[in-house]
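Using UniProt numbering, you'd call the opening residue of the sequence shown number 1 and step up by one each time.
Only one structure is covered here, and it is reproduced in the block below.
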Amino acid sequence: MLFADAQHAIDLCRADAEDARLLGCRPGDPLLRERRVSTDPTGTPIEWSEDRYLPETVAFTVHSSAASGSLARRPAGDA
1 MLFADAQHAI DLCRADAEDA RLLGCRPGDP LLRERRVSTD PTGTPIEWSE DRYLPETVAF
61 TVHSSAASGS LARRPAGDA
């Protein structure tokens, strides 16, 4: 399987009962959420993911480069 492109959306959500049980937090606690869709070279989706993290347990690094031609602006909510 060859990954060619991935789109990530990172936002804040609140823990529901299952999140609280799995992550050891309280329902309603803030969580960092990363939603991802990855595609192969033909554009066919090959991965969908929604991951949730306690804020103090993860850091995200984002690298953007004008040289790669991958910068794009989209309206909020198009993630």
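No residue lacks a Cβ here, since even glycine has one placed at the ideal position from N, Cα and C.
This structure is a prediction, so every number in the text was calculated from the model and none was measured.
Inset, instruction - Pull up the distance between the alpha-carbon of residue 35 and that of residue 49, whole angstroms please. - result: 6 angstroms
Legend entry - CB of residue 16 within 7 angstroms of CB of residue 52, strictly: no
Legend entry - 6 angstroms Cβ shell around residue 13 - same chain, five flanking residues per side excluded: 31, 33
Legend entry - CA-to-CA distance, residue 2 to residue 41, given in whole angstroms: 7 angstroms
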